[in-house]
Each structure stands twice: as C-alpha cells, then as structure tokens.
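Taking it in order: structure first as structure tokens, then the write-up.
Protein chains in written order, with the working numbering: chain D, 1 to 121; chain W, 1 to 389.
Here is the structure:
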C-alpha cells in the first residue's frame, strides 16, 4: 500500500492486523519507495497493490503507469486505487489506466477491516 | 384617367402657394429650407435661389438677405464639385421626392458639417430643399459608439476576472475539503464507539488529527484574509522590507546569515503594503525552507518607474515544471511529509500579489534551485514625503 498520509498507513496496518488475514501488508509513503520494493529481486511478488491518488511529486496515476511498465511485476497483479477522491474524472482515469478497482477510503475501522478481510485468507 | 385628373388638381393647388408664404413659414422653422428655381435644369449656372430661411442661412453661414434672388452657384460656390448638382437635376427630372444621406461639403461654407438633405420637386421647375444639420447628432453617436466599445471591453475584463476568481475558489475549496476530510476521517475511525480498540496510542492519534485540522483551518483563514481589504498606502518600503525580513530570519535562519538582501527602493512609495509584505515574506520563507542550510538565498527588491520587482533565488531542491502552476494552489505540498507545512504560503502570496494587480512567476530546475519573480504596480513613488493616506 502506498499513501503519503502516515496515519492512514498506520490505521491500515491496524485494520489489516485485525482482519486476521495471513498475507502481510507492506506500506510505503511515496511512489518511488514502492517501485524500489517491486524491483527488489529477493522480495516476493505482491498479491495486490493499493495506491493513493493525491500524493505529492508522484501522484497515484504516475505510480500506476510506472508499475505497469515494470517487467519484474506479474502483469496480472491487481492494482486498486484507494483514495478520498470521489471525482468521476479520477475514477475514469484510474480504470482507463487498467486499475482493477477504484475504492473510496472507508470511514469506519470495521469497513477498513472488511476491505482487507475480503481480500483473501 | 382619374389619376391624371388628381395629379393635375394637386399641381394646381401647389401652384397657388406663393413663395412669400413659404418664406414666412420657413422663417419660423429650425430646419433649413430653400427653394431653387431650375431655370434650365440642364444648366446649373442658370439656377436661382427663390427662397431661403433663417435656419438654412444659419446652417450654411450665409446671409439670408444676400442669397435670395442670387444665382445658386454664386451664392454657394462650394456646391461645385459635390454630388448636389446631380441630385437637384434628378429630382426635377424624376418628379419625385428623395431623401439623401448626410452630405459633407467642402470647408468653404460648411466646415465640419454633416447634413441630412431631403429634396422635393415643386411646380414651376422649382425644387424644395430641406437641410438638417446632424453634426452634433453624428458626434454624439460617435461618442456613444466609443463608450459602448469601452464598456464592452470593461465587461469582458471583469467577466474574465470573475471567471478566474471562481476557478480559484473552486480549486481552493476542493483542496481545503480534501485536506480536512482526511484527518476528520481519522478522528471518526479512531473514536468510533461501535469499534473500540485497546491501542494505547489512540487518544494521541486523535489529538494529532485534531491539531492538524486546527492548523489547516488556521491556514485557510489566513489565505481567505490575504485577498481582502487591499489598501493602497504611502509608506517607507525599505523599512517594510527590513521588518518582514527580520521576522522570517528569526524564524527560519537562526542567525545563520544565509539570506543575502539587495534593496533599491525610494524613501516613500504608494502601493499595496500587504502585497509587498506577503510577497517578500512568503517567498523568502519558502526559499529558506526548501534549500540546504549550507546554501544562500538571494532577495532582491528594486523599484522601477511604475513597478517594484521582487526576486527570490535559492539553490535548493527545485520544482519540476509540471508543479509550477500547482505550487500556487492552497494546501498543495510538492515535497510531501518530509517538509512540514500547510502549503498555503505561496498561494497566499499569489492572492495578495494578484489582488494588488501584480504578477508572480517561477523559474526552476529540479536540483539546481528556484527563482520567484514578482512584479507589483506602484501608484506613485518619490523621495519627498507626501501626506499619509
């Protein structure tokens, strides 16, 4: 998960832990950090990428474009936008870039926990 | 047949109207009238003025008593070379009235005059001419056209200004809502009674989010204030710059001597004090904040004839071209959480500068530093002290 808001990441980690799913959650505060992780040959391929839209310097769309261009990543890896933006333009842009989903950030912890729980075992 | 009879009857009535009666009517009129007898319609030299009224003589600047009975072309030599002669001939030959557009004579008799002329055939090879001087009307119309054009230009300018401020309002509202929504959502999640948790940090996190909301609201109020009450004042601009620089130095520099200041300003200046303070203060603050502690920031404030130029150059991290417009939007932070701040400084400077009728531009190469250029209009400047306004 990449998000410039550290508290969002912290809440996400907490909800992820509560959801009880076995897959680990890794968090990054900007796009370049995520990209460095993805090209790391010893790290495991992620099962899902959650990308914030409004980030400084490299926004979510830039991140998705850069990720899609990586040879190291399995092309089938789903990418979901996870954002506070409810703008139709942002949603359409994300889907046009090949995102599997466009999710508005949950407003309760239980919704956030369910988001992770729904991801898998 | 019946038509011919009516025509003859009308002619007969017209014939009975003596010229002296016409002259008496003309004398009371404000419209210029004259009757010209076309003795030989083909030869303008033979035409004679049979009647003329005071208004006609006034319009044509000719003594009425002088021209009646005179040859037309001798009384009005300026008529030669104008289309008039042909029109008189046409009216007599065609036997019908015609209204002519305004006529401009040469300047011998009728300097700077526009006339609307109407000609009517009279029996006995005479033509009645009616002249209305429309010079004033034409001048008024021209003036009105010019006024309309300038009014349209003003409306267009104002409309563009309104569009810009509406766009800015929309952008700022969106940015502010987005930046407030995130910490509010955090508070909601952390304090949800249906979803209690035993994390010992929860209260601290709620407090941090609330502090963030508070700071962002304060920044928003600050930004709102920047566009209001732009007052043109007369003051000593050197003292103003010194004060602002001292405040920023104390906050960011801590006596490190990183700021190089070059000021060439008059003793007194009349301009927007707020815009000068906001531009110098915010840009210097921004420059010191986004450059290495070991590098210099150069402030230059110079007055020209009608504007003050302010430039602030740093050797800092720079700003990529795609962010050059965005950095002026409220709450936009290019450099993320590593550089604390609300992101209102530059937008506040821009609002203050643009409200005062100035401009602000940025030149930057990432990794090599950034220069901001501001131009602020001066109302007046001098070395003598005018009365404080």
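For glycine and all other residues, C-beta sits at the position ideal for the given N, C-alpha and C. All values reported here derive from a predicted model rather than from experimental measurement.
Taking the continuous beta strand (DSSP E) assigned at residue 90 of chain D, which residues delimit it?
First-last for residue 90 of chain D: 88 to 96, but that is the alpha helix (DSSP H), not the beta strand (DSSP E).
In the structure shown, what three-state DSSP assignment does residue 127 of chain W receive?
Strand at residue 127 of chain W.
Rounding to the nearest angstrom, what Cα-Cα distance links residue 202 of chain W and residue 20 of chain D in this structure?
So the alpha carbons of these two residues sit roughly 20 Å apart.
Please decide whether residue 392 of chain W counts as near chain D, where near means a Cβ-Cβ distance under 8 Å.
This structure does not reach residue 392 of chain W, given that chain W is present from 1 up to 389, and the question cannot be answered.
Could you tell me the boundaries of the alpha helix (DSSP H) in which residue 85 of chain W lies?
Note, residue 85 of chain W: alpha helix (DSSP H), 84 to 94.
Do residue 51 of chain D and residue 72 of chain D count as a contact pair if the criterion is CB distance below 8 Å?
In this structure, residue 51 of chain D does not lie closer than 8 Å to residue 72 of chain D by Cβ.
Going by DSSP, which residues form a beta bridge with residue 347 of chain W?
According to DSSP, residue 347 of chain W bridges with nothing at all.
What are the boundary residues of the alpha helix (DSSP H) that residue 112 of chain D is part of?
Taken as a continuous stretch (DSSP letters only), the alpha helix (DSSP H) holding residue 112 of chain D covers 109 to 117.
Please compile the residues from chain D whose C-beta is within a distance smaller than 9 Å of the C-beta of residue 375 of chain W.
Result: empty, since nearest Cβ-Cβ is about 28 Å, beyond 9 Å.
Nearest to residue 288 of chain W by alpha carbon, out of W:122, W:345, W:266?
The candidate whose alpha carbon is nearest that of residue 288 of chain W is W:345.
How would you label residue 119 of chain W, buried or exposed, when you count the other beta carbons within 10 angstroms and need 16 or more for buried?
Looking at its Cβ environment, which holds 16 or more other Cβ atoms inside 10 Å, residue 119 of chain W is buried.
Excluding the 5 residues preceding and the 5 following residue 18 of chain D in the sequence, name in chain order all residues of the same chain whose CB lies nearer than 6 Å to its CB.
Excluding positions up to five away in sequence, the list reads 113.
Any idea what DSSP makes of residue 22 of chain D, helix, strand or coil?
Coil, per DSSP.
In whole angstroms, what separates the C-alpha of residue 207 of chain W from that of residue 10 of chain D?
So the two alpha carbons sit approximately 15 Å from each other.
Going by other Cβ atoms of all chains shown within 10 Å of its Cβ, with 16 needed for buried, is residue 354 of chain W buried or exposed?
Buried: at least 16 other Cβ atoms inside 10 Å.
Quick check on DSSP: helix, strand or coil for residue 50 of chain W?
It is a strand residue.
At a Cβ cut of 9 Å, what residues of the region 191 to 215 of chain W count as close to chain D, listed as they run along the chain?
From the region 191 to 215 of chain W, only 192, 194, 195, 197, 199, 201, 205, 208, 209, 212 have a Cβ closer than 9 Å to chain D.
How about residue 183 of chain W and residue 209 of chain W: do their beta carbons lie closer than 8 Å?
Yes; because the gap between Cβ atoms is below 8 Å, this pair is in contact.
In terms of residues, what are the limits of the alpha helix (DSSP H) holding residue 312 of chain W?
Per DSSP, residue 312 of chain W belongs to no alpha helix (DSSP H); it is in the beta strand (DSSP E), 307 to 314.
Does the beta carbon of residue 107 of chain D sit closer than 8 Å to a beta carbon anywhere in chain W?
For residue 107 of chain D, the answer is yes, since a Cβ of chain W falls inside 8 Å of its Cβ.
Say whether the region 368 to 375 of chain W touches the region 310 to 318 of chain W, bearing in mind that this needs 3 or more beta-carbon pairs closer than 8 Å, one atom from each stretch.
Yes, they touch.
Express the C-alpha separation of residue 28 of chain D and residue 261 of chain W in angstroms, rounding to a whole number.
Going from the Cα of residue 261 of chain W to the Cα of residue 28 of chain D covers about 41 Å.
Kindly list, in the order they appear in chain W, the residues whose Cβ is closer than 9 Å to that of residue 112 of chain D.
Here the neighbours are 189.
Can you confirm whether residue 115 of chain D, when its beta carbon is compared against all beta carbons of chain W, has any partner nearer than 8 Å?
No, because no Cβ of chain W sits closer than 8 Å to the Cβ of residue 115 of chain D.
Do we get a CB-CB distance below 8 Å when we pair residue 77 of chain D with the residues of chain W?
So, not an interface residue.
Could you check which residue in W:257, W:170, W:272 has the C-alpha nearest to that of residue 352 of chain W?
Residue W:272 is the option with its Cα nearest to residue 352 of chain W.
Cα separation between residue 43 of chain W and residue 90 of chain W?
When rounded, the distance between both Cα atoms is 13 Å.
Rank W:166, W:191, W:151, W:34 by C-alpha distance to the C-alpha of residue 128 of chain W and give the top, closest one.
Minimum Cα distance to residue 128 of chain W is reached at W:34.
Quick check on residue 379 of chain W: does DSSP put it in helix, strand or coil?
Residue state, collapsed to three classes: coil.
Would residue 8 of chain D and residue 55 of chain D be called neighbours here (beta carbons separated by less than 8 Å)?
Not closer than 8 Å, so no.
So, with DSSP's three-state summary, where would you put residue 61 of chain D?
DSSP places residue 61 of chain D in helix when its eight states are reduced to three.
How is the beta strand (DSSP E) around residue 299 of chain W delimited, first residue to last?
Unbroken beta strand (DSSP E) run through residue 299 of chain W: 297 to 303.
Return the residue from the list D:65, D:16, D:106, D:96 that minimises the CA-CA distance to residue 32 of chain D.
The candidate whose alpha carbon is nearest that of residue 32 of chain D is D:65.
With the cut-off set at 8 Å, would you say residue 90 of chain D and residue 83 of chain D are in Cβ contact?
It is a contact, given that the beta carbons lie within the stated cut-off.
By the criterion of Cβ-Cβ separation under 8 Å, what are the contact partners of residue 324 of chain W in chain D?
Near residue 324 of chain W there are no residues of chain D at all, since even the closest Cβ is about 13 Å away, more than 8 Å.
Can you tell me whether residue 214 of chain W is buried or exposed? The criterion is at least 16 other CB atoms within 10 Å of its CB, across all chains shown.
So residue 214 of chain W counts as exposed.
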